[in-house]
Amino acid sequence: MREVAMVGAGMIKFGRYPEKGVHELAAQAALLALQDADMTMKDVELLASGNLYQSSAMIGQRIMKEIGQTGIPVINVANACATGSTAYREAYMAVASGAYDTALAVGSEQMGKMGLLGGGGGGGGGGISPEGIVGSGLMPAVFGQAGVEHMRNYGTTEEQFAKIAVKNHKHSMHNPYSQYQVEMSLEDVMNARTIAWPNTLYMCCPTGDGAAAAVLTTMEKAKQLTTEPIKVATSTLTSDPYTERDLTMPDVNTLTKNASKLAYEDAGVGAEDLDLVELHDCFATAEMLHYENLGLCGEGEAGKLIDDKETYVGGRIPVNASGGLLSKGHPLGATGVANICEVYWHLKGQAGGRQVEGAKVGLAHVIGLGSACTIHILQK
Amino acid sequence: MAEAETQGKQVKPILPFLHISDNPDEKPYLAGSKCKSCGATYLGARMACSKCFSTEPMEDVKLSDKGELHVFSIVHQSAPGIPTPYVAAIVDLPEGVSVRCNIEGVEPDPKNLKFGMPVEMYTEIVHTDRDGNDIMAFKFRPAK
Ligand SMILES: [Zn+2]
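In the order they appear, the protein sequences are chains A and B.
So the first sequence is residues 208 to 587, counted in the working numbering.
So the second sequence is residues 417 to 560, counted in the working numbering.
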């Protein structure tokens, strides 16, 4: 496998764009990434497009109809919330394998107000959904239960989960791409209405539209383009292995632990080498679990990590400097690419007011329920 | 459809692994399958063992109607048309199977639910479909 470098990043501010087609949002992000790389579509040899809700609509090809039809191979990808990062991995694999020199990954989504309550549930008998009658398969309950399991195991409190939301909303104040930029106190978060206990409204990611894109090329080419190339040290993708409860309670912990072990081995770095992490905080409870799953602290120490503010920008290991999914938003297909773009900007020193000073190694983590996990580690 | 008309009203399970006997004296139960090779037990049927990949046909097992509350969430907002609040839980059964379910019989408040508390299954008719068939669901409540 060849060394792969990221040479361009682009995203649009997440929010609502009802007047636009999702391919237009995607094309906008693609152009921004190409401009950042000082390229056009004529330099791209393969396009991987991630979009979940319109996975049958050939979004990848429609992007090219907006910004340049060159007849190159296009792969349209769907992989739940890991859709965008899986598209990124397709682009990575295309370059790493030696088959193509330069590839473009684009993630996009237009969710309207449907959000994480859409889909899920599963088919029942007699044309009635078991959702809400035989428990819940929807994301708010699933991640509520996952947080409650952490409470059960380690005595984690509602307040500790809420502190994570306070941090991410504070971080968002410096991110112009964030859908929401509203600072909130612990009281604001805890007094908001409960969606699925222990997560309140401000501990759940908002729904919205968005797009993000990245240009990948060989390290050799990257060195001709820039004096400070950003290496993609690993692009790891896993699915959920057999664990006892996984079939009824998605085991996001084992999923992420397996992926992080593989990713650290592949990249030749450890959690202690990371300068920042963008992780999949679809709910505040999820971020708590992933502190441990990614090895940012020991088992059962995640509550203390947020109590000690170690995951704030300026702390030992800043997490979700972007504001995370909680503020930035979570347009499903765009999220995975956007998380990687955020890490890229920090390594390039282009993250503005939220910049993690001197960042050299960063990790982007995404999970898709069902389940898929991607981990990308970028290195300066 | 024609069959339902000729046979009259039927009781159908909301999920395929809720076993309803033709004998009205037999209580409905959750049906599982156990891998003869490694012992892993599943809710419902599996084509092959997800744990050890054995393709030998699995043993049918009748799962216990008593279990322990593993975790829960109190759902206050759900998809349109789903009444809230309610307790969405994961219950562990002694056979090594967990079940996703609602916990009824308590006010939906975290203070009424204890990790590991004993719970028991019961069934009720939750819906009648277009053809007049009753749809039966299973639920759990604190064990007496
Ligand atoms: Zn087996």
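Just so it is clear, CB atoms sit at the ideal spot from N, CA and C, and this is done for glycine as well.
Exposure label - residue i; buried when at least 16 CB within 10 Å
i, result
"Asp508(B)", "buried"
"Arg523(A)", "exposed"
"Asp525(B)", "exposed"
"Met213(A)", "buried"
"Gly344(A)", "buried"
"Ala461(B)", "exposed"
"Gln586(A)", "buried"
"Thr364(A)", "exposed"
"Leu503(A)", "buried"
"Lys530(B)", "exposed"
"Pro225(A)", "exposed"
"Asn258(A)", "buried"
"Gly329(A)", "Because Gly329(A) sits at a pLDDT of 40, beneath the cut-off of 50, its placement in the model cannot be relied upon, and the point is left open."
"Asn360(A)", "exposed"
"Leu462(A)", "buried"
"Cys548(A)", "buried"
"Ser304(A)", "exposed"
Nearest-angstrom beta carbon gap, residue j and residue i [assumed within contact, 8 angstroms]
i, j, result
"Val484(A)", "Gly569(A)", "7 angstroms"
"Val542(B)", "Asn518(B)", "So it is not a contact: roughly 10 angstroms between Cβ atoms."
"Thr290(A)", "Val284(A)", "6 angstroms"
"Thr424(A)", "Asp245(A)", "Incorrect: roughly 11 angstroms between the Cβ atoms, too far for contact."
"Pro448(A)", "Val349(A)", "Wrong, their Cβ atoms sit about 18 angstroms apart, outside the cutoff."
"Ala478(A)", "Leu501(A)", "6 angstroms"
Pick from the options that is closest to residue i, judged by C-alpha positions
i, options, result
"Val459(A)", "Leu532(A), Glu231(A), Glu356(A) and Ala558(A)", "Glu356(A)"
"Thr247(A)", "Ile270(A), Lys227(A), Ala478(A) and Asn258(A)", "Ile270(A)"
"Arg209(A)", "Ala429(A), Val563(A) and Val251(A)", "Ala429(A)"
"Leu539(A)", "Glu273(A), Cys288(A) and Ile266(A)", "Cys288(A)"
"His583(A)", "Gly415(A), Ser379(A) and Ala470(A)", "Ala470(A)"
"Gln388(A)", "Met397(A), Arg400(A), Ala399(A) and Ala372(A)", "Ala372(A)"
"Lys227(A)", "Ala306(A), Gly215(A), Gly319(A) and Leu259(A)", "Gly319(A)"
"His486(B)", "Asp308(A), Asp250(A) and Thr455(A)", "Thr455(A)"
"Val491(B)", "Thr500(B), Gly483(B) and Lys527(B)", "Thr500(B)"
"Ala294(A)", "Val313(A), Thr309(A), Gly339(A) and Ser304(A)", "Val313(A)"
"Val513(B)", "Lys478(B), Tyr458(B) and Lys443(B)", "Tyr458(B)"
"Glu523(B)", "Ser480(B), Ser489(B) and Pro510(B)", "Ser489(B)"
"Lys535(A)", "Phe368(A), His378(A) and Asn258(A)", "His378(A)"
"Leu444(A)", "Met300(A), Met265(A), Ile279(A) and Gln242(A)", "Met300(A)"
"Val341(A)", "Leu446(B), Val477(B) and Cys454(B)", "Leu446(B)"
"Val251(A)", "Ser262(A), Ile279(A), Lys516(A) and Gly267(A)", "Ile279(A)"
"Glu494(A)", "Gly556(A), Lys374(A) and Asp395(A)", "Lys374(A)"
"Ile574(A)", "Ser304(A), Tyr409(A), His381(A) and His487(A)", "His487(A)"
"Gln317(A)", "His537(A), Asp473(A) and Asp482(A)", "His537(A)"
"Ala571(A)", "Gly531(A), Lys555(A), Ala558(A) and Lys516(A)", "Gly531(A)"
"Ser336(A)", "Lys425(B), Ile430(B) and Ser449(B)", "Ile430(B)"
"Pro496(B)", "Ser292(A), Ala310(A) and Gly339(A)", "Gly339(A)"
Neighbouring residues, chain C, relative to residue i (Cβ below 7 angstroms)
i, result
"Tyr260(A)", "No chain C is present in this structure, whose protein chains are A and B."
Closer than 6 angstroms: residue i CB and nearest ligand 1 heavy atom
i, result
"Ser453(B)", "yes"
"Ser470(B)", "yes"
"Lys467(B)", "yes"
"Ala464(B)", "no"
"Val461(B)", "What sits at residue 461(B) in the sequence shown is Ala, not Val. Answer for Ala461(B): no, Cβ out of range of ligand 1."
"Ala456(B)", "yes"
Spatial neighbours of residue i in its chain, beta-carbon cut-off 6 angstroms, leaving aside the 5 residues before and after
i, result
"Ala588(A)", "Since the first residue of chain A shown is 208 and the last is 587, residue 588(A) is not available in this structure."
"Glu499(A)", "Glu506 and Ala509"
"Cys451(B)", "Cys465, Ser470 and Met474"
"Cys411(A)", "Ile402 and Phe490"
"Gly577(A)", "Ala287"
"Thr539(B)", "Pro444, Met552 and Phe554"
"Tyr384(A)", "Met218 and Lys220"
"Ala440(A)", "Ala474, Ile584 and Gln586"
"Gly327(A)", "In this prediction, Gly327(A) scores a pLDDT of 40, lower than 50, which makes its location untrustworthy; no coordinate-derived value is stated."
"Gly275(A)", "Met248"
Close Cβ partners of residue i (< 7 angstroms) along its chain, the five nearest in sequence each way excluded
i, result
"Arg516(B)", "Ile506"
"Gly351(A)", "Ala403, Trp404, Pro405, Asn406 and Thr492"
"Gly332(A)", "Low confidence applies here, because Gly332(A) scores a pLDDT of 43, under 50, leaving its location unreliable; read the following figure in that light. Excluding residues within five positions, none has a Cβ falling inside 7 angstroms."
"Ser446(A)", "Ser578 and Ala579"
"Glu472(B)", "Lys452 and Ser453"
8 angstroms CB neighbourhood of residue i in its chain, flanking five on each side removed
i, result
"Lys428(B)", "Ile436, Asp545, Asn549, Asp550, Ile551 and Met552"
"Met426(A)", "Arg209, Glu210, Val211, Ala212, Pro436 and Lys438"
"Gly354(A)", "Thr363, Phe368, Pro405, Asn406, Phe490, Ala491, Thr492, Ala493, Met495 and Leu496"
"Tyr519(A)", "Lys374, Lys377, His378 and Pro525"
"Cys364(B)", "The structure shown does not extend to residue 364(B), since chain B is modelled only from 417 to 560, so the question has no answer here."
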